[in-house]
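Just remember that our numbering sits 167 ahead of the position in the sequence shown, which is counted from 1.
Read the structure below first, then the notes.
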Amino acid sequence: MADTPTATAPSLQALDALVEHLCQPPTGPSRAKQLRWVAGELRTALERGAIPPTAAASLTALLAPATLAAYLTAAEQGLLRRKPAARPDQPSPASMRVREDCLRILGTRADLPVTLPERERPAVVLRETVTARPRSILLGHLESATRPGQSDARTRILAIVATVLDTGCRAGELCALRTHDVDLHHGTIRLTRLPQHRDPHVPPATETIALSPTTRAALRHWLTARAHLTLRDPARPPGPDNETTDALWVSIAPSGHPRPGLPLHFRGLARAYARAVHDLNTDMAGQPGWHPLPRRMEPLRRAVHLRPDDTAGPADATVLRRT
């Protein structure tokens, strides 16, 4: 396909303005990156003649059904890549879903109907969840292992795993937790659900979940360790006015930084979890009924189911508890 100059195309100018507006908060950085990626692909499709030249006329023409069908076909065939792919004949189902989601968002914000072609969707294969027996053994291990005097890293991962077992939360939801979300007096945690493919313009749901005694103890020990890690001024006592961050999970010894106590983000959390699971699988090898835990959090969290807490009073009717 020969490239065609498109710098002054009215449709692309309107698209760029729309995307810049959409990428403002509350749209998250990941979705903003996806929107800019799709806008870039539409520009490439017009330059390379992968979509009808009439798409240059207006945003309405660019988001017309025939144009979008041609764009998605070209994208699926790998014709819009800037760099050659390792396997151009193997389109990513996740990437196609992202493209479709972004096109719908663009159409909604522009108040234009978006009609997407029907595609054969591959079956979604979920990883097996962690079964009840290993979870029961893990809970017992946490109960015996949760005690003062351990390393900060061990204290942190025990609290993280215990929180996942009580709430079934995602890694991103863990990273979003703040210290004020934990109420050890009432034995609850407030969790903001951040599911995949959520609409950034719809307020996220917040749940209050009852904590087991094991998780309460694990969080209590972690909060004690965390207070020293996040201390801003060592000459003053720990407290909310003397800490570097209110993030619940913080770094122990961050690479490339002079001090600990920085908020733990997704990749840091994933690495810490994978290391701890490796150590735990080594410790638990040979235990009757134990199967090695996966190095990703997803199979563990998907095994958790919540129900309304029947033991809570009327004022706490929305409290959930692990089944």
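Positions of the beta carbon are idealized from the N, C-alpha and C atoms, including for glycine.
Reducing DSSP to helix, strand and coil, say where Glu267 ends up. Here Glu267 sits in helix by DSSP.
Compare the C-alpha of Ala184 against each of Tyr440, Arg203, Arg468, Ala394 and name the closest. Looking at Tyr440, Arg203, Arg468, Ala394, the one whose alpha-carbon comes closest to that of Ala184 is Arg203.
Give a yes or no on whether the minimum CB-CB distance between His388 and chain C is below 8 Å. The chain inventory of the structure shown lacks chain C, comprising one protein chain alone.
Any idea if Thr330 is buried or exposed, counting beta-carbon neighbours within 10 angstroms, 16 or more meaning buried? Counting Cβ neighbours within 10 Å, Thr330 comes out buried, since at least 16 surround it.
Is the beta carbon of Asn409 closer than 8 Å to that of Leu398? Contact check for Leu398 against Asn409 passes: the beta carbons are separated by less than 8 Å.
To the nearest angstrom, how far is it from the Cα of Asp268 to the Cα of Ser197? C-alpha of Asp268 to C-alpha of Ser197: approximately 13 Å in a straight line.
His188 classed as buried or exposed, judged by whether at least 16 other C-beta atoms fall within 10 angstroms: Flag for His188 reads exposed.
What's the call for Val369, buried or exposed, on a 16-neighbour Cβ count within 10 Å? Exposed: under 16 other Cβ atoms inside 10 Å.
CA-to-CA distance, Pro193 to Val186, given in whole angstroms: Approximately 13 Å, taken between the alpha carbons.
Between the C-alpha atoms of Thr412 and Arg345, what's the straight-line distance to the nearest angstrom? So the two alpha carbons sit approximately 9 Å from each other.
Cross-strand partners of Leu358 (DSSP beta bridge): Paired residue(s): Glu374.
For Leu235 and Ala279, believed in contact at Cβ under 8 Å, the rounded distance: What sits at residue 279 in the sequence shown is Leu, not Ala. Cβ atoms of Leu279 and Leu235 stay farther apart than 8 Å, at about 11 Å.
Output the boundary residues of the alpha helix (DSSP H) element that contains Ser178. Here the alpha helix (DSSP H) through Ser178 covers 177-189.
Give the DSSP bridge partners of Asp350, in chain order. DSSP output for Asp350 lists Thr355 as bridge partner(s).
DSSP beta-bridge partners of Val486: The partner list for Val486 (beta bridge, DSSP) reads Thr375.
Take His432 and list the residues in its own chain whose beta-carbon comes closer than 7 Å to its own, dropping the five residues that flank it on each side. Cys342, listed in sequence order.
Quick check on Glu285: buried or exposed, where buried means 16 or more other Cβ atoms within 10 Å of its Cβ? Classification for Glu285: exposed.
Confirm, please, whether the CB-CB distance from Arg266 to Leu239 is below 8 Å. Yes.
Go through its chain and collect everything with a Cβ distance to Thr359's Cβ below 7 Å, but skip five positions before and after it. Closer than 7 Å at Cβ, skipping near neighbours: Glu340, Ala343, Pro371, Thr373.
Verify whether the separation of the beta carbon atoms of Ala224 and Pro177 is less than 8 Å. Pro177 is positioned such that its CB atom lies closer than 8 Å to that of Ala224.
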